[in-house]
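Single-structure report; data block below.
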Amino acid sequence: MNLVFSWDWLPRLSQGLLLTLELTALSMALGAVLGLVLAVLRVYGRGPLYPAYLLASGYVHLFRGTPLLVQLMTIYFGLPTVGVRFSPFVAGILALTLNTAAYQAEYFRGAIQSVRAGQMQAALALGLSRLQAIRYVVLPQALRLVIPPWSNELIYMVKGSAVVYLIGVAELMGQAKTIAARTFRNFEVYIVVALFYLALIFVLTLLLRWAERRTHVPGLGMPGRV
Amino acid sequence: MLLRVEDLHKRYGKEEVLKGVSFSLDKGETKVIIGPSGTGKSTLLRCINRLTEPDRGRIWLEDVEITSPKVNINRIRAQIGFVFQDFNLFTHLTALDNVRLGLIRVKRMSKKEATARAMEELARVGLADKANAYPAELSGGQQQRVSIARALAMEPKLILFDEPTSALDPELIGEVLAVMEDLAQSGMTMLVVTHEMGFARTVADEIIFMEKGVIVEQGPPEQLFRNPKHPRTAEFLRRITDLYGGER
Numbered sequence: 002m003n004l005v006f007s008w009d010w011l012p013r014l015s016q017g018l019l020l021t022l023e024l025t026a027l028s029m030a031l032g033a034v035l036g037l038v039l040a041v042l043r044v045y046g047r048g049p050l051y052p053a054y055l056l057a058s059g060y061v062h063l064f065r066g067t068p069l070l071v072q073l074m075t076i077y078f079g080l081p082t083v084g085v086r087f088s089p090f091v092a093g094i095l096a097l098t099l100n101t102a103a104y105q106a107e108y109f110r111g112a113i114q115s116v117r118a119g120q121m122q123a124a125l126a127l128g129l130s131r132l133q134a135i136r137y138v139v140l141p142q143a144l145r146l147v148i149p150p151w152s153n154e155l156i157y158m159v160k161g162s163a164v165v166y167l168i169g170v171a172e173l174m175g176q177a178k179t180i181a182a183r184t185f186r187n188f189e190v191y192i193v194v195a196l197f198y199l200a201l202i203f204v205l206t207l208l209l210r211w212a213e214r215r216t217h218v219p220g221l222g223m224p225g226r227v
Numbered sequence: 289m290l291l292r293v294e295d296l297h298k299r300y301g302k303e304e305v306l307k308g309v310s311f312s313l314d315k316g317e318t319k320v321i322i323g324p325s326g327t328g329k330s331t332l333l334r335c336i337n338r339l340t341e342p343d344r345g346r347i348w349l350e351d352v353e354i355t356s357p358k359v360n361i362n363r364i365r366a367q368i369g370f371v372f373q374d375f376n377l378f379t380h381l382t383a384l385d386n387v388r389l390g391l392i393r394v395k396r397m398s399k400k401e402a403t404a405r406a407m408e409e410l411a412r413v414g415l416a417d418k419a420n421a422y423p424a425e426l427s428g429g430q431q432q433r434v435s436i437a438r439a440l441a442m443e444p445k446l447i448l449f450d451e452p453t454s455a456l457d458p459e460l461i462g463e464v465l466a467v468m469e470d471l472a473q474s475g476m477t478m479l480v481v482t483h484e485m486g487f488a489r490t491v492a493d494e495i496i497f498m499e500k501g502v503i504v505e506q507g508p509p510e511q512l513f514r515n516p517k518h519p520r521t522a523e524f525l526r527r528i529t530d531l532y533g534g535e536r
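Residue numbers (our numbering), protein chains in the order written: chain A, 2 to 227; chain B, 289 to 536.
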């Protein structure tokens, strides 16, 4: 067997890598905002907020219960039927965001619920409003606790973002497809692409571990690594 | 009269925890609530700042009815300190930030003002040198003292103590009781649930004995300890003396 690699692939693959990074970063960030709101509603949505709780729960079930691919196709190919049209990039971001938000909501919810109930009680007893207590006491702790599961989601999304090549977004996977089709070097191209993903995820993992150490406070999370 | 509680009722499912509790507290007074576990002492304290909503009955702080649905409960709570059995210091904040949080977010003080005020209170409980320590880096006794400083910093009209020494190792109880005794002597109004009979005896202006959701008897410590009027009080005092070895 004779493997042939070419430096000519590099510009395309780098472009693809950049786009993958962009897709992941944008959808993770937007998904975090939406996920956080969903999680807070799922945990604290009682009384007058109960309808919001139901809505948030319904959302999470819907988007965790259907394949990302189906969501993407519905948005890009389905919505034009009712007159809503997005560019491939926007449709991709939208699908990835809506999908990851549901997963992130569950990670955030778990983290919020693992903050001891006494923390909220103490905050309320001081005279903080419930919203202030969430903002200044519960979330700062929950966000630290959520870093490890959130890292998982980030890694998943780096790879999961590859599905948008199917609607013509030229991210890493899309570029690989193009190169492979032109050169017939399928094996080599995909090996290189795999290495690109591997390297990207390795760097992101290091970054998150650094963030985890940076924000660590004694007595909160990271058992055994105090 | 600083605090007035009238006919307070609370039920959890089938169990009626408070069955009509009434009492009052004057400014500068320290009252200690004693009684067997599970008789509603903690529930009573938590109803007073409405961390638990009472089912029936009314509570006044000075001339404001706390139990009125129209009242802004956050503003009431800012005037009532609460010291928890398991401290509940904010895990992610240093001792200083624990004390400052309410000052900055509730009292809207500037950071500089809040820092000065917080350091004052930390010094008062003997922990100025631990200002930058996280709760996990402090002993239980130190954590409880920080939580007292956190309550004090808000300049409350009244502090509620919910078994403040029950989670502490025996050798750490003294330092917390000493701080509380100082407070009582400085004229702070305090309502304390505790099993520390020595403290009750020496510091309280009045003892309230509660059992099964009602106040069985109340009176000055000397009278209640020496001549309890009610046989249930006598029985409880005998049992707790056996258990805790009398006065501390």
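All residues carry an ideal CB built from backbone N, CA and C; glycine is no exception.
Being a predicted model, the structure only gives us computed values, none of them experimental.
| task | Please state if the CB of V194(A) and the CB of L167(A) are separated by a distance shorter than 9 Å. | result | The answer is no: Cβ separation not under 9 Å.
| Which two residues bound the contiguous beta strand (DSSP E) that contains H297(B)? | Segment 291-300, the beta strand (DSSP E) holding H297(B).
| So, is the C-beta of T355(B) closer than 9 Å to a C-beta in chain A? | False, the Cβ-Cβ gap to chain A never drops below 9 Å.
| Residues that Q506(B) bridges to, as DSSP identifies them | Residue pairing by DSSP puts Q506(B) in a beta bridge opposite I496(B).
| How is the alpha helix (DSSP H) around K400(B) delimited, first residue to last? | Secondary structure note for K400(B): its alpha helix (DSSP H) is the uninterrupted segment 399-412.
| What span of residues does the alpha helix (DSSP H) with E23(A) cover, start to end? | 11-45 is the extent of the alpha helix (DSSP H) around E23(A).
| query | By the criterion of Cβ-Cβ separation under 8 Å, what are the contact partners of M442(B) in chain A? | reply | Chain A residues near M442(B): L127, G128.
| field | Bridge-paired residues (DSSP) for S312(B) | value | Secondary-structure assignment with DSSP links S312(B) through a beta bridge to R292(B).
| said: Suppose contacts are defined by Cβ-Cβ distances below 9 Å. Is Q1(A) in contact with L339(B) by that definition? | reply: The structure shown has nothing for residue 1(A), since chain A only spans 2 to 227.
| field | Within chain B, the residues that Q122(A) reaches when beta carbons sit closer than 9 Å | value | Those are R334, L339, F370, F372, N376, listed as they occur along chain B.
| Under 7 Å (Cβ pairs) to chain A, residues found in the stretch 385-399 of chain B | So the list reads L389, G390, R393, V394, given in the order they occur along the chain.
| task | Give the DSSP-derived three-state secondary structure of L70(A) in the structure shown. | result | If DSSP states are grouped into helix, strand and coil, L70(A) belongs with the helices.
| message | Any beta carbon of chain A sitting closer than 9 Å to that of T379(B)? | response | Interface residue, yes.
| query | How about V309(B) and E494(B): are their beta carbons less than 9 Å apart? | reply | Not a contact, by the Cβ cut-off of 9 Å.
| request: For K319(B), name the three-state secondary structure that DSSP assigns. | output: Note: K319(B) maps to strand in three-state DSSP.
| query | Thinking C-alpha only, which one of V387(B), M468(B), A466(B) is nearest L410(B)? | reply | The shortest C-alpha to C-alpha distance from L410(B) to any of V387(B), M468(B), A466(B) is the one to V387(B).
| field | chain B within 9 Å of V138(A), Cβ atoms only | value | True, the Cβ-Cβ gap to chain B drops below 9 Å.
| query | So, Q511(B) versus F311(B), is the Cβ gap smaller than 9 Å? | reply | Their beta carbons are not under 9 Å apart, which means Q511(B) does not touch F311(B) by this criterion.
| query | Taking the continuous alpha helix (DSSP H) assigned at V190(A), which residues delimit it? | reply | Annotation: the continuous alpha helix (DSSP H) that includes V190(A) extends over 187-215.
| Cα-Cα separation between Y108(A) and V138(A), rounded to whole angstroms | Their Cα atoms are separated by approximately 18 Å.
| request: Just the chain A side, please: which residues come within less than 9 Å of R365(B) by C-beta, in chain order? | output: In chain order: L125, A126, L127, G128, L129.
| What separation, rounded to the nearest whole angstrom, lies between the Cα atoms of T25(A) and L207(A)? | T25(A) and L207(A) have their C-alpha atoms spaced approximately 17 Å apart.
| request: Could you name the residues that DSSP lists as bridge partners for V371(B)? | output: Partner(s): F449(B).
| Hey, L209(A) and S162(A) are a contact pair by Cβ (cut 8 Å); roughly how many whole angstroms apart? | Here L209(A) is actually not in contact with S162(A); their C-beta atoms are around 17 Å apart, not less than 8 Å.
| message | Let me confirm a value: I447(B) is counted as buried when at least 16 other C-beta atoms fall within 10 Å, else exposed. Which label applies? | response | Burial call: buried.
| Whether A437(B) touches V413(B) by CB criterion (9 Å) | In this structure, A437(B) lies near V413(B), with their beta-carbon atoms less than 9 Å apart.
| task | Please state if the CB of I322(B) and the CB of K329(B) are separated by a distance shorter than 9 Å. | result | With respect to I322(B), K329(B) sits close: the two C-beta atoms are nearer than 9 Å.
| task | Output yes or no for whether 9 Å exceeds the beta carbon distance between G59(A) and G175(A). | result | No, the pair does not count as a contact, with Cβ atoms beyond the cut-off.
| request: Can you say whether I503(B) is buried or exposed, counting buried as having 16 or more other CB atoms within 10 angstroms of its CB? | output: Classified as buried, I503(B) has 16 or more neighbouring CB atoms from the shown chains inside 10 Å of its CB.
| message | To the nearest angstrom, how far is the alpha carbon of P12(A) from that of R43(A)? | response | Taking the straight line joining both Cα atoms gives about 45 Å.
| field | Of the listed residues T482(B), D374(B), G428(B), P423(B), nearest to A118(A) (C-alpha basis) | value | Selected option, being the one with the closest Cα: D374(B).
| query | So, A103(A) versus F64(A), is the Cβ gap smaller than 9 Å? | reply | Contact flag set, yes.
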